[in-house]
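Protein chains in written order, with this note's numbering: chain A, 1054 to 1263; chain B, 1054 to 1263.
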DNA sequence: TTCTAATTGTGAAATTTACCACAATGAGGT
DNA sequence: ACCTCATTGTGGTAAATTTCACAATTAGAA
Ligand SMILES: NC(=O)c1ccc[n+]([C@@H]2O[C@H](COP(=O)([O-])OP(=O)(O)OC[C@H]3O[C@@H](n4cnc5c(N)ncnc54)[C@H](O)[C@@H]3O)[C@@H](O)[C@H]2O)c1
Ligand SMILES: NC(=O)c1ccc[n+]([C@@H]2O[C@H](COP(=O)([O-])OP(=O)(O)OC[C@H]3O[C@@H](n4cnc5c(N)ncnc54)[C@H](O)[C@@H]3O)[C@@H](O)[C@H]2O)c1
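As structure tokens, then:
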């Protein structure tokens, strides 16, 4: 679609998007790369370069139109449409995500949550999502046109569960399991490794002179 | 402490650590950079280079002793000691973290969890942690020698809560709030931005030909 | 209309990070 | 003791990413 985009760019675009959304709520009409940079501790040139991979969104002398840029980033990130999401594993983290407004607001619709545990199946989360049987997963994925699976199962079953999810046609995974999973390369996996952040913090704290 | 360490290295060390722990459970005595690399989809030379910043842990011809390397990485990451952690905000994500075994196993002790909500204060999570009043936070931090705070509060109060936490002497924050927070530079903040991972996945999915 | 101030878009330089290639080393066999 | 094989540690190079610097453009004032 576009030429070669440095990998960190997509992530930063999502950060810009967050700020733009906030600013548009506050009624700002335009924003400059330098004011954005100040808010995010990034160099203005970084921001301009990032945006320039996708086209010229700004106006010289004025900056960027907040709404327009937001819309453009939505397109680039693919969140101008809604994604259908299934949460797999209704444990602590799965249930936390199930009602995370941040996701819903940004284009991800939680279409279901499944588990194996007899005790959990049938229970309702926040009065609008009912935990369903993982045995129904294939049907759920096909009927509700699930595109993204969120893996929140115990480590030792993660690969097995992933394999079936892929078999049912899912092409995108957000993986909360602290384990490197194997998948065909047309299946995108995005790892979220919370405990790595704690260790990275620890490292910085004991090496804080540098 | 050490010379100039590339920033991605600490994060990778934490990944190596995870695998080493798993391997040591499986009874492996040694591991080579190439087998580690295969498991993690990393070039062996990357792994050797990463480790070499901190010294020569391996033995030529044989590889690395799993236990020794694990211990060495623990030291480097600063998780050879236990860190005292306070969770701030007993909402969905705060409560999920409160009993995440991954953290406890890797050197982080959850010493408390606080909230403002009258309804939540006094309630017990998994029978061993009781939600306390955020008004007691200063006392808790000082008496229990809290070193790391985990921010799980709503976006609009995050900066205010952070400011007080810092005032009470905390030097490390794991921040789950999707917002760039300001802090003196001797306070380390590690951001965990779950919704960015979803957007990054979306981006990859709509641009998957590249 | 012309000038001024602000700000973008972008080649090119600088910096950071990853990768390669190979000498050095240790283990195990003969 | 010597050879062979596997594998590390690392200097040097390549690749990726960030930052700089400045011409180009726009808005608004004089
Ligand atoms: N709790 C956290 O804060 C946290 C943070 C980061 C990562 N994680 C990771 O997320 C995963 C889940 O953690 P958790 O704390 O929610 O654990 P949990 O034990 O609370 O939840 C796991 C859930 O998965 C269900 N499950 C088991 N096998 C299944 C299967 N085959 N199909 C569907 N569901 C199945 C279980 O019944 C359970 O409800 C773990 O791998 C954990 O390491 C957890
Ligand atoms: N739920 C998720 O999966 C998720 C994922 C990533 C990030 N987050 C972020 O984490 C934060 C919390 O999210 P949540 O889903 O747990 O929300 P939540 O509403 O369930 O929890 C927030 C908690 O903070 C408490 N609180 C409010 N003001 C406080 C204060 N001054 N001091 C102490 N506690 C206070 C509230 O009483 C509530 O219990 C939000 O910023 C959210 O964006 C949530």
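In this text, a Cβ means the ideal position worked out from N, Cα and C, and glycines have one as well.
Given the structure is predicted, the values throughout are model-derived calculations rather than measurements.
Using only the alpha-carbon positions, how far apart do residue i and residue j sit?
i	j	result
residue 1107 of chain A	residue 1173 of chain B	47 Å
residue 1060 of chain B	residue 1253 of chain A	10 Å
residue 1193 of chain A	residue 1099 of chain B	42 Å
residue 1207 of chain B	residue 1081 of chain B	45 Å
residue 1186 of chain B	residue 1166 of chain B	9 Å
residue 1178 of chain B	residue 1139 of chain B	14 Å
residue 1230 of chain A	residue 1214 of chain A	11 Å
residue 1244 of chain A	residue 1170 of chain A	25 Å
residue 1074 of chain B	residue 1065 of chain B	14 Å
residue 1220 of chain B	residue 1067 of chain B	30 Å
residue 1168 of chain A	residue 1188 of chain A	9 Å
residue 1222 of chain A	residue 1195 of chain A	8 Å
residue 1079 of chain A	residue 1119 of chain A	11 Å
residue 1211 of chain A	residue 1218 of chain A	10 Å
residue 1156 of chain B	residue 1109 of chain A	44 Å
residue 1209 of chain B	residue 1191 of chain B	21 Å
residue 1089 of chain A	residue 1083 of chain A	11 Å
For residue i, count the other beta carbons within 10 Å of its own beta carbon; 16 or more makes it buried, fewer makes it exposed. Which is it?
i	result
residue 1154 of chain A	exposed
residue 1164 of chain B	buried
residue 1237 of chain B	exposed
residue 1149 of chain B	buried
residue 1127 of chain A	buried
residue 1257 of chain A	buried
residue 1158 of chain B	exposed
residue 1072 of chain A	buried
residue 1200 of chain A	buried
residue 1103 of chain A	buried
residue 1250 of chain A	buried
residue 1216 of chain A	exposed
residue 1116 of chain A	buried
How is residue i classed by DSSP in three states: helix, strand or coil?
i	result
residue 1095 of chain A	coil
residue 1180 of chain A	coil
residue 1133 of chain B	coil
residue 1216 of chain A	helix
residue 1239 of chain B	coil
residue 1164 of chain B	strand
residue 1230 of chain A	coil
residue 1117 of chain A	strand
residue 1100 of chain A	helix
residue 1209 of chain A	helix
residue 1203 of chain A	strand
residue 1191 of chain A	helix
residue 1072 of chain B	helix
residue 1169 of chain B	coil
residue 1124 of chain A	helix
residue 1078 of chain B	helix
- Message: Is it the case that the segment 1204-1218 of chain A contacts the segment 1140-1148 of chain A, given that we only count it when at least three CB pairs across the two stretches are under 8 Å?
- Response: The segment 1140-1148 of chain A is in contact with the segment 1204-1218 of chain A.
- Message: Is it the case that the segment 1174-1181 of chain B contacts the segment 1226-1236 of chain B, given that we only count it when at least three CB pairs across the two stretches are under 8 Å?
- Response: No, the segment 1226-1236 of chain B is not in contact with the segment 1174-1181 of chain B.
- Interfacial residues, the segment 1238-1261 of chain A to chain B, with Cβ spacing under 9 Å: Against chain B - using a Cβ distance shorter than 9 Å - the residues of the segment 1238-1261 of chain A are 1239, 1241, 1242, 1243, 1244, 1245, 1246, 1247, 1248, 1249, 1250, 1251, 1252, 1253, 1254, 1255, 1256, 1257, 1258, 1259, 1260, 1261.
- Query: the segment 1207-1237 of chain B: which residues have C-beta closer than 7 Å to a C-beta of chain A, in chain order?
  - Reply: Taking 7 Å as the Cβ-Cβ cut-off against chain A, the residues of the segment 1207-1237 of chain B that qualify are 1224, 1225, 1227, 1231, 1233.
- Item | Contact list for the segment 1182-1205 of chain B against chain A, Cβ threshold 8 Å | Result list: 1200, 1201.
- Task: Identify each residue in the segment 1157-1185 of chain A for which the Cβ-Cβ distance to at least one residue of chain B is less than 8 Å, and report them in chain order.
- Result: Per Cβ criterion, the list reads 1159, 1160, 1161.
- Task: Return the residues of the segment 1104-1120 of chain B that lie within a Cβ-Cβ distance of less than 8 Å from chain A, sorted by chain order.
- Result: Those residues of the segment 1104-1120 of chain B that come within reach of chain A (Cβ to Cβ, closer than 8 Å) do not exist; the list is empty.
- Query: Taking a cut of 9 Å between CB atoms, which residues from the segment 1067-1079 of chain B lie near chain A?
  - Reply: Among the residues of the segment 1067-1079 of chain B, those with a Cβ less than 9 Å away from any Cβ of chain A are 1067, 1068, 1070, 1071, 1072, 1075, in the order of the chain.
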